[in-house]
Structures are given as C-alpha cells and as structure tokens.
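What follows is a set of notes on a single structure, which appears directly below.
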Amino acid sequence: MIESNRKLIAVLVFPIIALMLLTGNKSYLLNTGREVILPITGYDPRDLLSGHYLTYRVEYGVDDICKGMMGKVAMEAYVCLSPKQFSLSPVNNCEQMIRGVCMNSSRFEAGIERYYIPEEQASELDKLVRGGKASIVVSVQPSGTAQIKDLLIDGKSWRAE
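Remember, this note's numbering sits 9 above the position in the sequence shown when you count from 1.
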C-alpha cells in the first residue's frame with residue numbers, strides 16, 4: 010500500500026516539476042536576452058492564420074538568406090543582425106546573431122515565425138499584419154537562441170489595442 014502511494018505521488022509530482030522547469034527556462038530566455046525588434050510581413054494568404062497562431066515572414070534585413078538551399082537537407086544557419094550578414098557557421102565579431110535552420114524550401118527558420126493569439130482577436134490581427142505595419146520583439150541569447158516577447162502593431166503592443 011505504501012509502495013503504491015509512493016508511485017502515485019511520483020507519477021503526479023514528475024509532470025509538475027517538468028512543467029515548472031520548462032516555464033523557468035522560457036522565463037530565463039525571455040528575461041536575459043538582448044531585445045531586438047524585427048519587422049514581419051504576412052505571406053501566403055491561405056496560411057497566414059493557422060489555428061490560433063499568426064504565421065508570418067521575419068524581415069532580417071539580410072539579402073540571400075539560405076540562397077541555393079532548395080531541395081537540400083536542412084542545415085543550421087546564422088543571421089548576424091549587426092553587421093548584417095548570413096552564414097552557415099557562427100559569425101565572428103557579430104554583436105547580435107540569431108541561430109536557425111535553412112529548410113529545404115530555402116527559408117530560414119529560427120522558431121520565431123509563429124505567434125499565438127487569442128481566437129477573439131485573430132481576424133483583426135490578421136488584417137493588421139497584412140497591412141504591413143507589424144513587427145515582433147525578440148529576446149536573443151548570446152548563443153543565438155531567439156524567443157518572441159511581443160507582437161507590435163504600428164510600434165505598440167497588440168495587447169494595448
């Protein structure tokens with residue numbers, strides 16, 4: 010009886026601890042990285058709004074990102090924001106770098122291409138992003154890991170609308 014109670018407690022406590030660790034890690038990444046604001050644009054009107062996620066293209070201000078990667082295996086890649094350049098290996102002397110993957114569709118993906126939004130505001134935010142005045146606030150770690158902090162419409166948080 011005591012043994013089964015211990016197992017039950019372990020089964021109940023483990024997911025709670027795992028969730029706390031995930032939440033703590035996300036909070037750490039958001040609060041310790043350098044903040045960057047990147048413009049975004051909607052693309053493919055059939056896929057801009059996918060469920061409760063707003064999907065968009067991030068404008069890094071760097072030409073030829075993942076050029077020539079069409080049909081190739083996904084590869085780790087880096088976009089240096091200062092000075093602006095793209096590389097398939099970490100960039101030396103880069104003040105701010107975002108690590109991602111060049112997908113076989115010649116798209117650079119850093120895990121910041123989708124933003125969760127409440128269903129009630131989905132249609133309105135979809136129209137505003139299509140209007141071309143949207144950007145995202147991103148927290149970037151020295152390792153290049155990027156996390157979205159906020160969605161901006163005309164320079165203001167969408168939550169303030």
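Idealized CB from N, CA, C, for every residue including glycine.
When only Cα atoms are considered, D72 and T41 end up about 29 Å apart. If you look at T41, you'll find it isn't in any beta strand (DSSP E); it sits in the alpha helix (DSSP H) that goes I11 to T41.
Burial state of S144 is buried, judged by a 10 Å Cβ sphere holding 16 or more other Cβ atoms. L63 sits away from R116, with the two beta carbons spaced by 8 Å or more.
Closest by C-alpha distance to K165, out of L90, P127, P48 and E129, is P48. Per DSSP, the beta bridge partners of M84 are C111.
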